[in-house]
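Residue numbers (the working numbering), protein chains in the order written: chain A, 12 to 302; chain B, 72 to 293. Here a beta-carbon is modelled for each residue, glycine too, at the ideal position from N, C-alpha and C. Bear in mind the structure is a predicted one, so any value in this text is a computation, not a measurement. Written below as C-alpha cells is the structure these notes are about.
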Amino acid sequence: MKSINTFEQLLTECTSQGKRIWQVAQAYESEWCEVPINKMRQVATSSLKAMKEAIRSGLNSTEMSMSGMCGDDCNKLQKRFALRPAIFGKTFEKILTYSLATSEENIRMGKIVACPTAGSCGIVPAVITAISEEYNISEERQVNALITAGEIGRIISARVPLAGAVAGCQAECGAAAAMAAGAVTQLLGGEPRQVLNAVALTLKNILGLTCDPVCGLVEVPCVKRNPFMAVMAITACELAISGVESKIPVDEVVDAMEQTGQLMSPALKESSMGGLARTKTAVKLQSDLFS
Amino acid sequence: MKQTSILDIISPIMIGPSSSHTAGAVRLGLLAKNIYGKIPQKITFKLYNSYALTGKGHGTEKGLLAGVLGLAVDDRRIKNIFSDDIAKNIEYKFEYQENFKKHPNSVDFIFEDDKTMKIYGESVGAGEVCIKEINGFSVKLTGKYNTLMIVYKDIPGMISQVSGLIQTQNINIASLHCDRYAKGEEATMCISIDGDLENDVIEAVKAIDKVYFVSYIKKLEE
Chain A
12 MKSINTFEQL LTECTSQGKR IWQVAQAYES EWCEVPINKM RQVATSSLKA MKEAIRSGLN
72 STEMSMSGMC GDDCNKLQKR FALRPAIFGK TFEKILTYSL ATSEENIRMG KIVACPTAGS
132 CGIVPAVITA ISEEYNISEE RQVNALITAG EIGRIISARV PLAGAVAGCQ AECGAAAAMA
192 AGAVTQLLGG EPRQVLNAVA LTLKNILGLT CDPVCGLVEV PCVKRNPFMA VMAITACELA
252 ISGVESKIPV DEVVDAMEQT GQLMSPALKE SSMGGLARTK TAVKLQSDLF S
Chain B
72 MKQTSILDII SPIMIGPSSS HTAGAVRLGL LAKNIYGKIP QKITFKLYNS YALTGKGHGT
132 EKGLLAGVLG LAVDDRRIKN IFSDDIAKNI EYKFEYQENF KKHPNSVDFI FEDDKTMKIY
192 GESVGAGEVC IKEINGFSVK LTGKYNTLMI VYKDIPGMIS QVSGLIQTQN INIASLHCDR
252 YAKGEEATMC ISIDGDLEND VIEAVKAIDK VYFVSYIKKL EE
C-alpha cells in the first residue's frame, strides 16, 4: 500500500478499493506499523471500554480537583436534567454530561484515555457513546468509529503535532472535535467523503483556538471546553451527512491550522503567559493556589 | 517521515490529568528505577521549571514516586500513592528549582542505597520521555526499546566486544550512544535493540574486563 499522509490520499484509497476509512486505516496500520489487525482492534476495544468506565465513574462523582477549581459541574447538569430535560433532548443531555464526566474524571486523577490528549479526553468518548446508546449501535461498529477517529487524528498529526504548546488548543480539543465529527459520521453510515467533510467543517471552526490554561493546569477552560467541542462535532456531522461540503478541501484546512499555529504568539500556547491565564481573576487564583 | 500509529492517537489509558506532567512523570520514574535495578531506599526528586511550578496541580510528584515504585501509568494507586503501603518503607523528599538551562518539564532522581546514582530525565510531550544523563554521563533512553547500558573503561575494542556478544543472538542494534569522561577514563554505552537479550549474554557482557557496571533496561509498556 502507498503511504497515506493526507486526507486526499486516504479518500483515494477508500474510493479505489471501495472501502470505509476504518478498513483502509487498519490495513494500513498493520502494514506500516507491523501491528496485526486483530491486535490493533484489541487495543482499540480496550480503549473504548476504558472510555465508558471513565464516563460511569465521572457521572457518579463530585470530587474536586487538587486545585479545587473544577469537579462538580457534571452533577449540576444531571440534577437539572432530572427536573427539566435539555432543550435538544436526551442525546444532547448525554453528550454534555458524558464529556463533562470524562474531563472531570481526568482532573481528579481518575483513569481516562488520552484521545488525542488528556485535556481533550472527554470529546470522542462522549460522542461515540451517546450516539451508540441512542441508536443501539454494536461494540464492533463503535470500534470502527474509534479507528476512524484515530486515523483522522493521525493524518492531522502528520502536519500539526497534537500539542497545545505547538499549535494551541486547535491541536488538542480542536483535533478531538474533528476526530469525533468523523467518528459519528461513520457511526451513522456516512460515506468516506462525508466523514472528511465533517472533519473540514469542524476544523474551520476551531482555527485560532488558544491554549491559555489558568494556573497552568488542565482545568480552566479545558474541562468545560470538552462539552462545547462535542456539540460542535455533532453540528459538523449533521451538515456533512446532509451533503454539505466544505468549500476549502480538508487538507487545505489542515494547512491553515498549521499556519495559524505558527502565527499564534507563544503567550497563547500552553505557557499561561497570556489570554485567560493572565486575567485579574486568574492571577489571583494563581497566587492563592501557589502561596 | 516518521510513521505515527493510530494507537498513539486513541491511547494510552492513563491516570489524569496530564500526559506530560502525570503519565510522563510515571514513565520517567519507571525508567529511572529500571536503570537503578531496584527500588532504592532513599530518593530525592529535584523538579525543574514547569514541573516545579505546576507539578502539585498535575500530580507530578505522585507520578514520579509511583513510577519509581514500579506502578504503570494507568494504576489507580497513583492518586493516593503518598499514603499507600508500598510507599511506607522508603524515604523520599521533593525539591523545586528554576533552571532555564534545563527542559521545561524535567527532573533529577537522586537514588541512595548500596550505591548512589543521579539520573536526569525530561518529559518531552504527549507522554514521551527521555533519560538524558546518568551520574553526569550523557545517555539517551526513551523506554521504547530494550536497552543495554554499560559503564566501562575507555579503551579500544569495547564496542566491538559488546556488539559481538549481541550478534551471537542475531539481534539488530537500533541505536548506539557512547560518551566518556575523558580519554582512557570512565565511559558509558547505551545500546538500543530490536528484540530481547538472553541472560547469559548480559552475564557475558558483565564478565568483560574493565566493565564496571551493566544495566539491562526493558522497554516500557505502551
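If you follow the alpha helix (DSSP H) that Glu306/A is part of, which residue opens it and which one closes it?
What the structure shows of chain A is the stretch from 12 to 302, and residue 306/A is not part of that stretch, so it cannot be assessed.
Go through the stretch 79-104 of chain B residue by residue and report every complete run of the beta strand (DSSP E) that reaches 3 residues or more, in order.
Correct list: 84-86.
Counting only the same chain and skipping the five closest in sequence on each side, list residues whose C-beta sits under 8 Å from that of Ile149/B.
If you number the second sequence from 1, residue 149/B lands on position 78. Ile86, Thr93, Val97, Gly130, Lys133, Gly134, Ala137 and Leu142.
Going straight from the alpha carbon of Glu183/A to that of Ser78/A, what length do you get?
In the first sequence, the residue the question calls residue 183/A occupies position 172. In the first sequence, the residue the question calls residue 78/A occupies position 67. Rounded to the nearest whole angstrom, the C-alpha separation of Glu183/A and Ser78/A is 22 Å.
Closer than 8 Å by C-beta to Ala304/A: which residues in its own chain qualify, once you throw out the five before and the five after it? Chain order, please.
The requested residue 304/A does not occur in the structure, where chain A is confined to residues 12 to 302.
If you measure between the beta carbons of Leu102/B and Ile288/B, is that distance less than 9 Å?
Residue mapping note: residue 102/B aligns to position 31 of the second sequence, counting from 1. Residue mapping note: residue 288/B aligns to position 217 of the second sequence, counting from 1. Between Leu102/B and Ile288/B, the C-beta spacing is below 9 Å.
Is the CB-CB distance between Ile118/A and Val234/A below 9 Å?
For the purposes of this step, residue 118/A is taken as residue 107 along the first sequence, with counting starting at 1. For the purposes of this step, residue 234/A is taken as residue 223 along the first sequence, with counting starting at 1. Their beta carbons are under 9 Å apart, which means Ile118/A touches Val234/A by this criterion.
Residues in the stretch 122-141 of chain A having any Cβ partner in chain B nearer than 9 Å
Of all residues in the stretch 122-141 of chain A, those with a C-beta nearer than 9 Å to a C-beta of chain B are Lys122, Ile123, Val124, Ala125, Cys126, Pro127, Thr128, Ala129, Gly130, Cys132 and Val135, reading in chain order.
Near-chain A residues of the stretch 124-141 of chain B (beta-carbon distance less than 8 Å), N- to C-terminal order:
Cβ proximity to chain A below 8 Å picks out Leu124, Thr125, Lys127, Gly128, His129, Gly130 and Lys133 from the stretch 124-141 of chain B.
Neighbourhood of Ile217/A by C-beta, 7 Å cutoff - its chain only, sequence neighbours within 5 removed:
Taking the first residue of the first sequence as 1, we reach residue 217/A at position 206. Non-local C-beta neighbours of Ile217/A in its own chain, meaning closer than 7 Å and more than five positions away in sequence, comprise Gln181, Gly185 and Ala188, ordered along the chain.
Under 9 Å between C-beta atoms, does Arg98/B make it to chain A?
The residue given as residue 98/B occupies position 27 in the second sequence. Closer than 9 Å: no.
Taking only runs of the beta strand (DSSP E) that begin and end inside the stretch 172-196 of chain B, which ones reach a length of at least 3 residues, in chain order?
If only complete runs of 3 or more residues are kept, the stretch 172-196 of chain B shows the beta strand (DSSP E) at 176-183 and 187-196, in order along the chain.
Looking at chain B, is there any beta carbon in it that lies within less than 9 Å of the beta carbon of Met51/A?
Sequence index remark: in the first sequence, residue 51/A carries index 40 (1-based). So yes, Met51/A belongs to the interface.
Beta-carbon spacing of Glu150/A, Trp33/A below 9 Å:
Residue numbering aside, residue 150/A sits at position 139 when the first sequence is read from its first letter. Residue numbering aside, residue 33/A sits at position 22 when the first sequence is read from its first letter. Between Glu150/A and Trp33/A, the C-beta spacing is not below 9 Å.
Nearest CA to the CA of Cys201/B: which residue from Tyr191/B, Phe208/B and Gly207/B?
On the second sequence, position 130 is the one that residue 201/B refers to. Of the listed residues, the one whose Cα sits closest to Cys201/B is Tyr191/B.
So if I threshold CB-CB distances at 8 Å, which residues from the stretch 139-173 of chain B count as touching chain A?
Within the stretch 139-173 of chain B, the residues whose Cβ lies closer than 8 Å to some Cβ of chain A are Asp145, Arg147, Ile149 and Lys150, listed in chain order.
When DSSP labels each residue in this structure, what does Thr23/A get in the three-state scheme?
One-based indexing of the first sequence puts residue 23/A at position 12. Of the three classes helix, strand and coil, the one that applies to Thr23/A here is helix, per DSSP.
Which listed residue (Gln238/B, Tyr252/B and Leu212/B) has its alpha carbon closest to that of Lys224/B
Translated into the one-based positions of the second sequence, residue 224/B becomes position 153. Ranking the options by Cα distance to Lys224/B, first place goes to Tyr252/B.
Keeping to the same chain, check which residues put their C-beta closer than 8 Å to that of Glu145/A; ignore five residues upstream and five downstream.
Translated into the one-based positions of the first sequence, residue 145/A becomes position 134. So the qualifying residues of the chain are Lys101, Thr102 and Lys105.
Are the C-beta atoms of Gly87/B and some chain A residue less than 9 Å apart?
As a first step, residue 87/B is located in the second sequence; it is residue number 16 there, counting from the start. Residue-level contact check: Gly87/B touches chain A, since one or more beta carbons of chain A fall below 9 Å from its beta carbon.
Verify whether the separation of the beta carbon atoms of Val178/B and Leu118/B is less than 9 Å.
Taking the second sequence and counting its residues from 1, the one referred to as residue 178/B is at position 107. Taking the second sequence and counting its residues from 1, the one referred to as residue 118/B is at position 47. With contacts defined as CB atoms closer than 9 Å, Val178/B and Leu118/B qualify as a contacting pair.
Partners in chain A for Ala197/B, counting only beta-carbon separations shorter than 9 Å:
Reading the second sequence from its first residue, position 126 is the one you call residue 197/B. The answer, in chain order, is Ala125, Pro127, Thr128, Pro172, Leu173 and Ala174.
Suppose you measure from the CA of Asn16/A to the CA of Lys87/A; what does that come to, to the nearest Å?
The residue labelled residue 16/A in the question sits at position 5 within the first sequence. The residue labelled residue 87/A in the question sits at position 76 within the first sequence. Their Cα atoms are separated by approximately 43 Å.
Should Ser234/B and Ile244/B be called a contact, given that it needs their Cβ atoms to be closer than 9 Å?
Taking the second sequence and counting its residues from 1, the one referred to as residue 234/B is at position 163. Taking the second sequence and counting its residues from 1, the one referred to as residue 244/B is at position 173. Yes. Within cutoff.
Using the beta-carbon count (16 or more within 10 Å), is Tyr294/B buried or exposed?
The structure shown has nothing for residue 294/B, since chain B only spans 72 to 293.
Compute the Euclidean distance between the alpha carbons of Gly227/A and Gln20/A, then round it to the nearest angstrom.
Locating residue 227/A in the first sequence gives position 216, where the first residue counts as 1. Locating residue 20/A in the first sequence gives position 9, where the first residue counts as 1. Each residue's alpha carbon lies about 38 Å from the other.
Cut-off 7 Å between Cβ atoms - residues of its own chain near Lys173/B, not counting five sequence neighbours on either side
Taking the first residue of the second sequence as 1, we reach residue 173/B at position 102. Answer for Lys173/B: Tyr119 and Asn120, listed in chain order.
Between Ile81/B and Cys126/A, how many whole angstroms is the CB-CB distance? I'm expecting something under 8 Å.
Here residue 81/B is taken as the residue at index 10 of the second sequence, counted from 1. Here residue 126/A is taken as the residue at index 115 of the first sequence, counted from 1. Their Cβ separation, rounded to whole angstroms, is 5 Å, which keeps Ile81/B and Cys126/A in contact under 8 Å.
Distance, Cα to Cα, Ala178/A vs Glu24/A?
If you number the first sequence from 1, residue 178/A lands on position 167. If you number the first sequence from 1, residue 24/A lands on position 13. Going from the Cα of Ala178/A to the Cα of Glu24/A covers about 29 Å.
Note the first and the last residue of the continuous beta strand (DSSP E) segment covering Asp250/B.
Taking the second sequence and counting its residues from 1, one reaches residue 250/B at position 179. Start and end: Ile244 to Arg251.
Short check: CB of Ala193/B to CB of Leu124/B, under 9 Å?
Position 122 of the second sequence, counting from 1, holds the residue named residue 193/B. Position 53 of the second sequence, counting from 1, holds the residue named residue 124/B. According to the sequence displayed, residue 193/B carries Glu and not Ala. Their beta carbons are not under 9 Å apart, which means Glu193/B does not touch Leu124/B by this criterion.
Anything in chain B within Cβ reach of Glu162/A, meaning under 7 Å, just list it in chain order.
In the first sequence, counting from the first residue as 1, residue 162/A sits at position 151. Correct list: Ile77.
Residues bridged to Thr259/B (per DSSP):
Here residue 259/B refers to the residue found at position 188 when the second sequence is read from its first residue. Answer is Val222/B and Asp250/B.
What is the DSSP secondary structure of Ile273/B, reduced to helix, strand or coil?
The residue labelled residue 273/B in the question sits at position 202 within the second sequence. Residue state, collapsed to three classes: helix.
List the endpoints of the continuous beta strand (DSSP E) containing Gln168/B.
Along the second sequence, one-based indexing puts residue 168/B at 97. Start and end: Glu162 to Gln168.
CA-to-CA distance, Leu198/A to Arg152/A, given in whole angstroms
Working through the first sequence from its first residue, we reach residue 152/A at position 141. Working through the first sequence from its first residue, we reach residue 198/A at position 187. Across the structure, Arg152/A and Leu198/A are spaced so that their CA atoms are roughly 7 Å apart.
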